[in-house]
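Accompanying notes for the structure given below.
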Amino acid sequence: MSELAAILTRAGLSNPEQREHWTMKWISTMDHKRIGILYLSTALVFFVIGGIEALLIRLQLAVPNNRLLQPDEYNVVFTMHGTTMIFLVAMPALFGLANYILPLQIGARDMAFPRLNAFSFWLVPFGGLLLHFSFLAGGAPGVGWFAYAPLSETPYSSQLGVDYWALALLVLGIGSVGTSINLIATVLTQRAPNMTLRRLPLFSWMIFVNSFLVLMALPVLNAALVMLLIDRLLGAHFFLPSSGGSAIMWQHIFWAFGHPEVYIVAIPAFGILSEVIPVFARKPIFGYEFVAGSTVAIAFLSLLVWAHHMFTVGLGHTVDLFFVASSMLIAIPTGVKVLAWSATLVGGRIRLDTPMLFCTAALLQFLLAGLTGVSLASAALDWQTKNSYYLVAHFHFVFVGLIVFAILGALHYWFPKMSGRLLSERLGKWTFWLMTAGFNMTFVIQHFLGLAGMPRRIFTYADLPGWAWMNMVSTIGAFLMAAAALLFVWNLVTSLLNGERAGDNPWRAWTLEWATTSPPPPGNFRSLPPIRSRRPLWDDANPDRPDPMVGTKWRAEVHVPEKNETAVAAFIVSESAFFAVLILAYLFYNAVPEAGVGAHSLNLAKTGAFTLCLLLSSITIWRSEVSLDRGNQRAMRLWLAATLVLGGIFLTGQGLEYGTLFEDGASLNGNLFATAFFTLTGFHGLHVCAGLIALAIVLGLARSADFKRHPPPALKAVALYWHFVDAVWVVVFSTVYFLPHLR
Amino acid sequence: MDQDHIRLSVAAVLQVFDPQSPQARAMFRLGLESSVIFAIIFAMVAGAVVYALMRYRWHEGEPDPRQVAGNTTIEIVWTAIPCAIVVALFALTARTMSVSDPPAAPAPDLLVIGHQWWWEARYPKSGVVAANEIHIPVGRAMSIEFDSADVLHEFWVPRLARKIAAVPGHPNHIWIEADAPGTYLGVCSEFCGTEHAWMHFLIIAETPAKFAEWESSQLLPASKPAGLEARKGLALFEQTSCVSCHAVNGTVAGARVGPDLTHFASRRELGAGIVENTPDNLRRWLKDPQQVKPGAKMPDFKFSGEQIGQLVAYFETLK
């Protein structure tokens, strides 16, 4: 331990003179830079685990009819590989980079909510442990990373692995939403003066846009996981066709998350390329507005393309064609980006240092991934290539060819900032060439394996013509990649100890993270250069030819929103996505009335009365806010108490409704109406409870002297949430209670 | 597997490049057309990047270049060009879809049901029930309806037809057809649990005359075995729990959980493609199916060597 402490001290990561033990300092940290490094280190640990799983997969497939792994062992290995690499490597690595770099790039002292930041981070190791605990709890999941129902349902996967998988993903999903709320609030409320949104560096811009995508996509997964867990643990049957559920519904919900997820990990990679390529070409990005705008287009379109994962499920040609069109459209903004990066190179003075090598390889590999992606978007080609190794090759070209290469580029680029030392260029170049050779050897050939008819996820294969040698080539390539990864870790360790001192700005880059020391001090900046364009440090270094000013005025008058309200608004976006899924699921499962309890069993008049109470509570809380603004704190407290009482009455009403339904024999594991009804109204009820607790806390705090002197913005934030809970109920009430009466 | 078709050519290896039906040919043609488009795009963009990397290298002491921040005209042009390409690809895709996947027939010629981990094929018009080996007449498009007995499966014969999922509670349809007699390998391409890897099937395309002959032979019930061993085998088969999963037409066995065994000995493969159907392999299978195909739904019945001999003798009579 003491040796490790010494190493950290030498590397400048810990200070022995401070009384607190260095481990405590890291565990209890709320500094965005340390949290960023924690994220990245966690990602590295899981990258090693996921990498070993990848090697096991390739070893098993190296020769035909191999019996190295039992079939179920293989199924666990590829499930864990996919889940780990996406949720425990790609997401944490990108959140880590965002955490470290984004506040620096926008000239902020820290994230908007340091405690939330630490909490969101610690959910990652917790989720990872929960997932891996399944190995000890009688069997890890072996259902694939998208856990298609009904295979993932209890009759076909009776062990606890799937439950741990779903719980772990829920935990990780909540952490991702937390981080994204934080990133959005940071960009909106913590920017340095004059750092307008139009002057945002592209990496920060893309992280900002991406965070909205996380808010809209992850809750959809959470809803799917909750429904799966209700099926598995409470005996319901959302996704069990044998009891009336729908296997296809799982796919719709999962991919409504799953496809945006691809972009959630790709967009930060786009941001990295947009940051690194200009610096090493010594030119600004070609067409900032187009690159930034195309990101918004990609994020928006990515929400509308999910069913291209379902071209073989039999949705009909009309639906298929809609998704062919929407999926192909994504090629346009993506193409704009690829061309912009390429054009940035033209006329530059290109330095091929390691970060640039990784980013140009990422560019070329992503070009190929994009083109094979278009072929998969064409339903008629997808009918041959889907679920084959062609698809495996395609998405590894995205996940590794683009994303891992971009992350490696980013780590080589920003490591000097994070550690104060340069990585070894010699080892870096070796890493790059080994990685590039290994990666292309592993995955180029897999396109052809797919065309040879090899389906994905098979634990072994017959000795069909061509299959054996192609698989062997792929396996050898995988080991080259592993060697490259080891070399990279070696480079990290040795450079941390003995690397050359980096100085503030070793790459002569132009964004604000390079305007402070390496590593930056607590609070990040001693002083900031003037910000009037997108490249403040270029302007600083080239007073004779500065960038044209962005915007009409140098000193921008920017309205900065209140950060708590911003965060609650962002949270509401994510909650809306969650409830949208539950409401759509309710409509789907009740399209055809079935026997037993149904919407007709509900008491419209009684619940209508309780609904009125909930609506009134929106008015009382608004009065409470008004009273606070007028300085009448006593009235504020009274209105707040009234809100609590009205909310309580509503919950009681819900309880009575449940009681009547139970007497009629309804239960969560009864018919589909009951399953969908209790899930939807139950989750709404939980949100009402959470709102009431928050209101009660505010009411309690309001009695303190501190509150009386300086009322904090908490009431406004909680009120916003409370209005949202009421609004959701209006939609639920109209859908569940009112709609059947219109038929 | 596909022994009679092995030629050491690209087509022999890359099945998708060797279409043997109008439906598969349409997809193959679309593949070629789009590959040409993709190859041109790749060559142009990658060529430009590589050229730029070589042409615009920094040399020691050179100052930063002219700072060009973009060009709106160029941006609009290279947004418009991909738009045109996308429209063209969409049109080509829509055309191919209608050729490769015409509307379903009112009554299917074949009902294919996915099971963990084998395929059941029923011919509703004649009443034939087969497993893993699906015979079709050459030159006639057969309409198939798909169902699943348990989880999702996916039916993929690269040389003949589009992929289609077998979804429980959601019937799907495709057309399948073969130009020439031959055996075409098919696989399950949607992960379906433990033995997903061994869910092969064969499409056996025959001349219409041979197909009719096959169909009528399949309709015959199993004949009473003549030999003593085989008769003992039949008795054993009927007395043990074999009959709670399997069916043999003409005996008490009528269960539909596992494959129909009425014409077991006429099949080429055992365990959905894992081994050839020979008496030796059958002996291994009956000794312990879990050794041959770990995870298969058939348990180890711990038959004695003598019992296995009797059962093999009986099954070999089920031509």
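Chain order of the listed sequences is A and B.
Last residue of the first sequence: number 1757 in our numbering, and the count goes up by one each step with no gaps.
Last residue of the second sequence: number 1099 in our numbering, and the count goes up by one each step with no gaps.
C-beta atoms are modelled at their ideal positions from N, C-alpha and C, and glycine is treated no differently.
- Under the 8 angstroms Cβ criterion, the region 1123-1140 of chain A counts as touching the region 1030-1049 of chain A, having at least three qualifying pairs.
- Listed along the chain, the chain A residues whose CB falls inside 8 angstroms of the CB of C972 of chain B are L1165.
- Straight-line measurement puts the Cα of L1753 of chain A at about 57 angstroms from the Cα of F1081 of chain B.
- Between the C-alpha atoms of Q1119 of chain A and F1217 of chain A there is a straight-line separation of about 9 angstroms.
- Note that the region 1661-1679 of chain A touches the region 1614-1628 of chain A; at least 3 beta-carbon pairs, one per stretch, sit closer than 8 angstroms.
- Below 8 angstroms, enough C-beta pairs join the region 966-976 of chain B and the region 1466-1474 of chain A to call them touching: three or more.
- Measuring C-alpha to C-alpha distances from V1360 of chain A to each of B:H1026, B:A910, B:R846 identifies B:R846 as the nearest.
- Each residue's CA atom was taken as its position, placing H1461 of chain A and A1391 of chain A some 16 angstroms apart.
- In this structure, Q1379 of chain A keeps its C-beta atom at 8 angstroms or more from the C-beta atom of L1425 of chain A.
- Interface residue (Cβ-Cβ distance to chain A less than 8 angstroms): M877 of chain B is classified as such.
- Distance from L1137 of chain A to G1189 of chain A at the Cβ level is roughly 3 angstroms; contact confirmed, criterion being Cβ atoms closer than 8 angstroms.
- Burial is judged here by how many other beta carbons sit within 10 angstroms of a residue's own beta carbon; M1495 of chain A has at least 16 and is buried.
- One alpha carbon belongs to A1068 of chain A, the other to M1099 of chain A, and they sit about 10 angstroms apart.
- L1654 of chain A and S928 of chain B have their alpha carbons spaced roughly 56 angstroms apart.
- One thing to note: I1364 of chain A has its Cβ within 8 angstroms of the Cβ of A1295 of chain A.
- Taking CB atoms only, R1047 of chain B has no neighbour in chain A less than 8 angstroms away.
- Setting aside the 5 residues that flank it on each side, P1215 of chain A is surrounded in the same chain by Q1119, E1289, T1525, R1548, each with a C-beta closer than 7 angstroms to its C-beta; the list follows chain order.
- Residue environment for T987 of chain B: exposed (fewer than 16 other C-beta atoms within 10 angstroms of its C-beta).
- Within a 10 Å sphere around the beta-carbon of T1566 of chain A sit fewer than 16 other beta-carbons, which makes this residue exposed.
- With respect to A1613 of chain A, F1687 of chain A sits close: the two C-beta atoms are nearer than 8 angstroms.
- From the beta-carbon of R1296 of chain A, the residues of chain B found nearer than 8 angstroms are W838, D844, P845.
- At least one CB atom of chain B sits nearer than 8 angstroms to the CB of I1262 of chain A.
- By the CB criterion at 8 angstroms, V1582 of chain A and L1734 of chain A fall inside the cutoff.
- If you check the CB distance, F870 of chain B and A1339 of chain A come in under 8 angstroms.
- Scanning chain B for C-beta atoms nearer than 8 angstroms to the C-beta of K1400 of chain A yields K943, S969, reported in chain order.
- Among the residues facing chain A, F822 of chain B is included, as its CB has a counterpart in that chain under 8 angstroms away.
- Put simply, of A:F1109, A:T1358, A:M1468 the residue whose alpha carbon is nearest the alpha carbon of K943 of chain B is A:M1468.
- By the Cβ criterion, the region 882-898 of chain B is in contact with the region 908-926 of chain B, since at least three pairs of Cβ atoms, one from each stretch, lie closer than 8 angstroms.
- Our two residues, S1257 of chain A and H1251 of chain A, have alpha carbons roughly 6 angstroms apart in a direct line.
- Note that the C-beta distance between V931 of chain B and P961 of chain B is not below 8 angstroms.
- Between the alpha carbons of H1755 of chain A and L1616 of chain A lies a distance of about 11 angstroms.
- In this structure, DSSP gives W1179 of chain A a helical state, which the three-state scheme calls helix.
- Taking a C-beta distance under 8 angstroms as the contact criterion, F1268 of chain A and M1220 of chain A do not qualify as a contact pair.
- Between F1253 of chain A and chain B, the shortest Cβ-Cβ separation is not below 8 angstroms.
- Among the residues facing chain A, W936 of chain B is included, as its CB has a counterpart in that chain under 8 angstroms away.
- In this structure S1356 of chain A is buried. Its beta-carbon is surrounded by 16 or more other beta-carbon atoms within 10 angstroms.
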